[in-house]
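One structure below.
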Amino acid sequence: MPEGHTIHRLATALTARFGSREVRASSPQGRFAEQAAIVDGARVRQVRAHGKHLFVEYAGRGAPVVHVHLGLGGRVVVGQAPAPEPRGAIRLRLETDSAYADVRAPTVCELIDPRREAALIAKLGPDLLARAPDPAAVRRRVSRSRVAIGALLLDQRLFAGIGNAYRSELLYRCGVSPWTPGADLGADGFDELWEEARRLLADGRRTGRVSTVDRADLPRGQRRAARRALAPEDEASGSAVARARARETYVYKRAGLPCRRCGAEVQTGSLGGRDVYWCPTCQPGASEPASAASDGAVG
DNA sequence: GATTTATGGTAAT
DNA sequence: TTACCCTAAATCT
Numbered sequence: 410m411p412e413g414h415t416i417h418r419l420a421t422a423l424t425a426r427f428g429s430r431e432v433r434a435s436s437p438q439g440r441f442a443e444q445a446a447i448v449d450g451a452r453v454r455q456v457r458a459h460g461k462h463l464f465v466e467y468a469g470r471g472a473p474v475v476h477v478h479l480g481l482g483g484r485v486v487v488g489q490a491p492a493p494e495p496r497g498a499i500r501l502r503l504e505t506d507s508a509y510a511d512v513r514a515p516t517v518c519e520l521i522d523p524r525r526e527a528a529l530i531a532k533l534g535p536d537l538l539a540r541a542p543d544p545a546a547v548r549r550r551v552s553r554s555r556v557a558i559g560a561l562l563l564d565q566r567l568f569a570g571i572g573n574a575y576r577s578e579l580l581y582r583c584g585v586s587p588w589t590p591g592a593d594l595g596a597d598g599f600d601e602l603w604e605e606a607r608r609l610l611a612d613g614r615r616t617g618r619v620s621t622v623d624r625a626d627l628p629r630g631q632r633r634a635a636r637r638a639l640a641p642e643d644e645a646s647g648s649a650v651a652r653a654r655a656r657e658t659y660v661y662k663r664a665g666l667p668c669r670r671c672g673a674e675v676q677t678g679s680l681g682g683r684d685v686y687w688c689p690t691c692q693p694g695a696s697e698p699a700s701a702a703s704d705g706a707v708g
């Protein structure tokens, strides 16, 4: 479910409901019970996102922070009070008289102090959904790297917030093969990717969906729906069906289908440990190495 | 009922 | 590079 756009959307929704309020905290599942008790009833200041990380910040100097990372399968359901009887494993439930939020299946849910929050953020690259993320340091590192840009884009130390769906879509929209070494992009190529990433993620934050296809490239019948924000009930359900319905992509998850622009068969391969998708015609240049995979970390 | 999958990340090898 | 982590829902048998 979660790339940066989802987490930022959540931060906004949670701040609106819990910011500046005293919030009950509990762990119906039990695994976060001790920590929840510590912040139970405390006043939340705000909920902040950096890339794919979520921070529930409490009021008061040195007050603890709840750090959540949803990982692959995690999700947060936000709703109006009264919260329903807990069903399944709810790691953390936040609750006021008017709203509740359930955190399920997070990779990380921990109580930390503000210092630790700052340290975590310091390890991440600029958040593409920040007001004015500075690309200078990232540009420099990419320009010196022989690692494929498709792998670099997933490195959160460089690009905080980009995930697997956006990386493929981003590269398609910029006409860049995922296998292009970072150094071969050139400054202009890098800047184009950077700005396009910001645009796409901002769009996702606005609509709640990964819809990256230009109107003209969609069949007539789909044009209207693709630009509309995701229906609240679909977003709340978070089901795979709702997610698939909320997705209009050029190449992501379209292996073997014809490219929406040129008709060539969309390709898939493994890069950076995840499935990557591309159109061999619209994204010319470096191609998949014949010998299995040449992944890598930052070079 | 069992297995697979997911828009992620880390630790071990 | 692989294994593994958490969990829910989809897909299998």
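Straight run, no breaks: the first sequence in the working numbering ends on number 708. Backbone N, C-alpha and C fix where the C-beta goes; we use that ideal spot for every residue, glycine too. This structure is a prediction, so every number in the text was calculated from the model and none was measured.
Those residues which DSSP pairs with residue i across a bridge
| i | result |
| --- | --- |
| residue 677 | 686 |
| residue 612 | Answer is none; residue 612 lacks a bridge partner. |
| residue 620 | 657 |
| residue 430 | 453 |
Of the listed residues the options, nearest to residue i (C-alpha basis)
| i | options | result |
| --- | --- | --- |
| residue 473 | 523, 481, 434 | 523 |
| residue 673 | 681, 680, 663, 462 | 663 |
| residue 619 | 627, 610, 626 | 610 |
| residue 607 | 558, 596, 544, 559 | 544 |
| residue 698 | 587, 669, 547, 605 | 587 |
| residue 432 | 592, 510, 583 | 510 |
| residue 477 | 554, 614, 449, 512 | 512 |
| residue 539 | 417, 668, 684 | 417 |
| residue 505 | 430, 484, 548 | 430 |
Endpoints, alpha helix (DSSP H) assigned at residue i
| i | result |
| --- | --- |
| residue 580 | 573 to 583 |
| residue 500 | It is not in any alpha helix (DSSP H) - residue 500 carries neither H nor E in the DSSP assignment. |
| residue 560 | 558 to 561 |
| residue 552 | 545 to 552 |
First through last residue of the beta strand (DSSP E) which encompasses residue i
| i | result |
| --- | --- |
| residue 466 | 462 to 467 |
| residue 470 | No beta strand (DSSP E) holds residue 470; DSSP gives it neither H nor E. |
| residue 488 | 484 to 489 |
| residue 455 | 452 to 459 |
| residue 510 | 508 to 513 |
| residue 519 | 517 to 521 |
Cβ-based burial, residue i [other Cβ within 10 Å; buried from 16]
| i | result |
| --- | --- |
| residue 515 | buried |
| residue 419 | buried |
| residue 518 | buried |
| residue 589 | buried |
| residue 671 | exposed |
| residue 493 | exposed |
| residue 499 | buried |
| residue 692 | buried |
| residue 666 | exposed |
| residue 447 | exposed |
| residue 703 | Residue placement at residue 703 is flagged as unreliable, the pLDDT there being 42, under the threshold of 50; the coordinate-derived value follows with that caveat. It counts as exposed. |
| residue 443 | exposed |
| residue 583 | buried |
| residue 676 | buried |
| residue 425 | exposed |
| residue 706 | Because residue 706 carries a pLDDT of 37, less than 50, the predicted location of this residue cannot be relied on, and the following value inherits that uncertainty. The residue is exposed, with fewer than 16 neighbouring Cβ atoms inside 10 Å. |
heavy atom of the ligand ZN below 8 Å from residue i C-beta
| i | result |
| --- | --- |
| residue 681 | Ligands displayed in this structure: none; no statement on the ligand ZN is therefore possible. |
Problem set entry | Segment contact flag, the region 484 to 501 with the region 453 to 462, C-beta cutoff 8 Å, min 3 pairs | By the Cβ test, the region 484 to 501 is not in contact with the region 453 to 462, since fewer than three Cβ pairs between them sit closer than 8 Å.
Exercise. Does the region 566 to 577 come within contact of the region 411 to 421, defined as at least 3 CB pairs closer than 8 Å?
Worked result: By the Cβ criterion, the region 566 to 577 is in contact with the region 411 to 421, since at least three pairs of Cβ atoms, one from each stretch, lie closer than 8 Å.
For this session: Pair every Cβ in the region 420 to 429 with every Cβ in the region 528 to 538, then say whether three or more of these pairs are closer than 8 Å.
Result: Fewer than three pairs of CB atoms, one per stretch, sit closer than 8 Å, so the region 420 to 429 makes no contact with the region 528 to 538.
Exercise. Any contact of the region 457 to 467 with the region 530 to 544, i.e. 3+ C-beta pairs under 8 Å?
Worked result: Output reads yes: the region 530 to 544 touches the region 457 to 467.
Exercise. Can you find at least 3 beta carbon pairs, one from the region 544 to 564 and one from the region 678 to 696, that sit closer than 8 Å?
Worked result: yes
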